[in-house]
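Report on one structure; see the data block that follows.
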Amino acid sequence: MAATLFLEDFQTRIDPDTQQPVLRCSGPGGPGTYPFPAGWLLRNVDNRTPAANVSYVNEAWEVREDFGGDGLDVNNCVAFSTSWYAPAGAANDWMWTPAIGPIPASGGALSWRAKNYDALYLDGYEVRVMAAPTVPTGGTGTIGNQITNSTVVFSTPGEAAVWTSHTVDLLPYANQTIYIGFRNNANDKFLLVVDDIKVISTTTDLAAVAATGFAVDYPRVPAGISVDANFKVVASNIGTTTFTTVAGSAQPALNGSPQGSPLTASGAPSLAPGATANIAFTPAFALGTAGTWSVSYAVTSDQNAADNDPANNLLQASLTTIGGNEWSRHEGAVTGTLGIGAGNGGELGTSYTLGQTASFEGIRFGLGTVTDPAPPDPPSSWPGQNVVANLRATDGTGKPAGLIATTEAIVSSYRGGVYDVKFVGGPQTLAPGTYFVSVVEPTGTGGAMPLQLSLNRYVDTANWVNWPTSPAGDWKNLSYFGPTFQRVPHVSLLSEVSLFKDDFELHGDAPVARNAAPAAGTASPSTRRQGERAALAAPRR
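Residue numbers (UniProt numbering): 1 to 541.
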């Protein structure tokens, strides 16, 4: 972390009567009488007479409230200088900081902000550095050693008429104590103001940060199916020095073992403090071998050797696990359940993009636990409903389209569970393309189905819902109904289905009667209240 070596915001002083902090630019005398911060050296070398309208600038620099120009704030005290004289002439007005340092061996950075009050009369100025043990001399009408023993580190013929921030690298002054001087050298202009002069120790710290989105959309992929990984990482400058030639690498790994050479990509020729650069690696990397895939990212720059925290240049991310029979989008713990609740059916699910021809035997979906409401309300009518899942094509926009296949029905229960259900008519061979997999909410009085949801790997354009009386009138992404519905439904494609005699497999306990006791080891419901079901037809506020 950067350490602050010096800070002057010209903001407060201690009132001599109350011994309490007050605004520096306040007091009975008005502008031109407010005390300058202690330890500063003011040098009115030009010794000219300010024009009547700026007569309060009766020293080389004065403190008063920011009363005009861009971003004026009368509660903000700033340092003023003028080059408007009567008669006209060039300014030569200096303010020198107290001694600062020593500057650390790793370097430091000077920052400040400044503005002019009139865009037609822009004061220019210099910023100079003098190294101790030399001390700035000179005075009213006398230049002394201020030029001969100092070095210009910043200069402009005219500062902007809006607050503008500047930064100067102080590495050349490492291990030295310094004075910093601001010199107004404009000729017949108006008012220049400076504020928030700060010196900090330099930190050189480039960090690898996870990029938005996912390299692979699917946490589980069946054996025999390949998916593309689109690697990307963000290089973030969280230090105080500018990086050059920022680049990155991505090393895929299978079961922890690197696969092939790292992919490389450029990020930015220059990266300022606080800035980020998106690094994308092309082409996509095909994942097809069974096992657990991950990727290790590294970000680099010309300043690698000086990086204060090289460990955060590295970032590891999980990608997917290939093997088994499930192709799924959802990942992580169940965070709730979602249904429609309109009483007239509808479908809710997610889409999958297939890059090769493949065959699928059925669909897996998870339904949450349901409990009866408290008496005298009648028992839940959800148990005993016939529930099926659908496989659909999609149109050119990714919206669900024509029906391809439907599964056998399962019978809903209080317990719920994770169901593997085969397609009616046998396996479906699918060509490359995008397909939508959904669970159909039964019509009638059963209420909103408790389709399980997770937060991780949510992709807005992949999750859809529609029902006959939807206010949207057509298929819509879940986010259409509000950010609380940005969840991933637990609906997966299965390359194989192992069946029990009832033509479906239930993962966990079989459906139980309403009053049956829970089986030992059954996971607790993850909704806010056991049996609570969110319903799209009646969204919560």
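Using N, Cα and C, we set each Cβ at its ideal position, and we do this for glycine too.
CA-CA distance, Lys198 to Lys189, rounds to 27 Å. In the three-state reduction of the DSSP assignment, Leu478 falls in the helix class. Distance from the CA of Ser351 to the CA of Ala401, rounded to the nearest whole angstrom, comes to 11 Å. Between the C-alpha atoms of Ser150 and Ile180 there is a straight-line separation of about 9 Å. Within the DSSP secondary-structure output, Gly291 pairs in a beta bridge with Ile322. Annotation for Asn185: no beta strand (DSSP E) segment contains it, and DSSP assigns it neither H nor E. Classified as buried, Pro450 has 16 or more neighbouring CB atoms from the shown chains inside 10 Å of its CB. Classified as exposed, Ala38 has fewer than 16 neighbouring CB atoms from the shown chains inside 10 Å of its CB.
When the beta-carbon positions are compared, Pro222 and Leu493 come within less than 9 Å of each other.
Shortest Cα-Cα distance from Thr203 to any of Asp372, Ala109, Glu62, Gly482 involves Ala109. When DSSP states are grouped into helix, strand and coil, Phe190 belongs to the coil group. By the Cβ neighbour-count rule, Asp123 is buried, with 16 or more other Cβ atoms within 10 Å of its own. Under DSSP, His166 forms a beta bridge with Trp112. In this structure, the alpha-carbon of Gly346 lies about 18 Å from that of Gln486. Residue range 125–131 is occupied by the beta strand (DSSP E) that includes Met130. In the structure shown, Asn308 falls within a coil segment according to DSSP collapsed to helix, strand and coil. With 16 or more other CB atoms across the displayed protein chains lying within 10 angstroms of its CB, Thr369 is buried. The C-alpha of Ile100 lies about 36 Å from the C-alpha of Ala247.
Taken through DSSP and simplified to helix, strand or coil, Val491 comes out as strand. DSSP, read as helix, strand or coil, puts Val135 in coil.
Counting only residues of its own chain and dropping the five nearest sequence neighbours on each side, Pro258 has a CB closer than 7 Å to the CB of Gln251.
Rounded to the nearest whole angstrom, the CA to CA distance from Asp93 to Ala215 is 58 Å. Under the DSSP assignment, Glu62 falls in the beta strand (DSSP E) whose first and last residues are 62–66. A residue is called buried once 16 or more other Cβ atoms fall within 10 Å of its Cβ, and Leu271 is buried on that count. Annotation: the segment 313–393 contains the following complete segments of the beta strand (DSSP E) (minimum length 3 residues), in chain order: 314–322, 336–339, 347–354, 358–360, 362–367. Note that the C-beta distance between Ser249 and Ala298 is below 9 Å. Counting C-beta pairs closer than 8 Å gives fewer than three between the segment 318–327 and the segment 470–483, which falls short of the contact rule. Residue pairing by DSSP places Glu8 opposite Ile197 in a beta bridge.
Only exposed fits Ser165, as fewer than 16 other CB atoms lie within 10 angstroms of its CB. Proximity of the segment 128–141 to the segment 159–178 meets the contact definition, three or more beta-carbon pairs being nearer than 8 Å. If you compare the alpha carbons of Ser236, Leu391, Pro471, Ala253 with that of Ala268, the shortest gap goes to Ser236. Judged by DSSP in its simplified three-state form, Leu122 adopts coil rather than helix or strand. Per DSSP, the continuous beta strand (DSSP E) segment holding Lys232 begins and ends at 232–237. Collapsing the DSSP output to three states places Val216 in coil. It is roughly 10 Å from the alpha-carbon of Pro442 to the alpha-carbon of Ile340.
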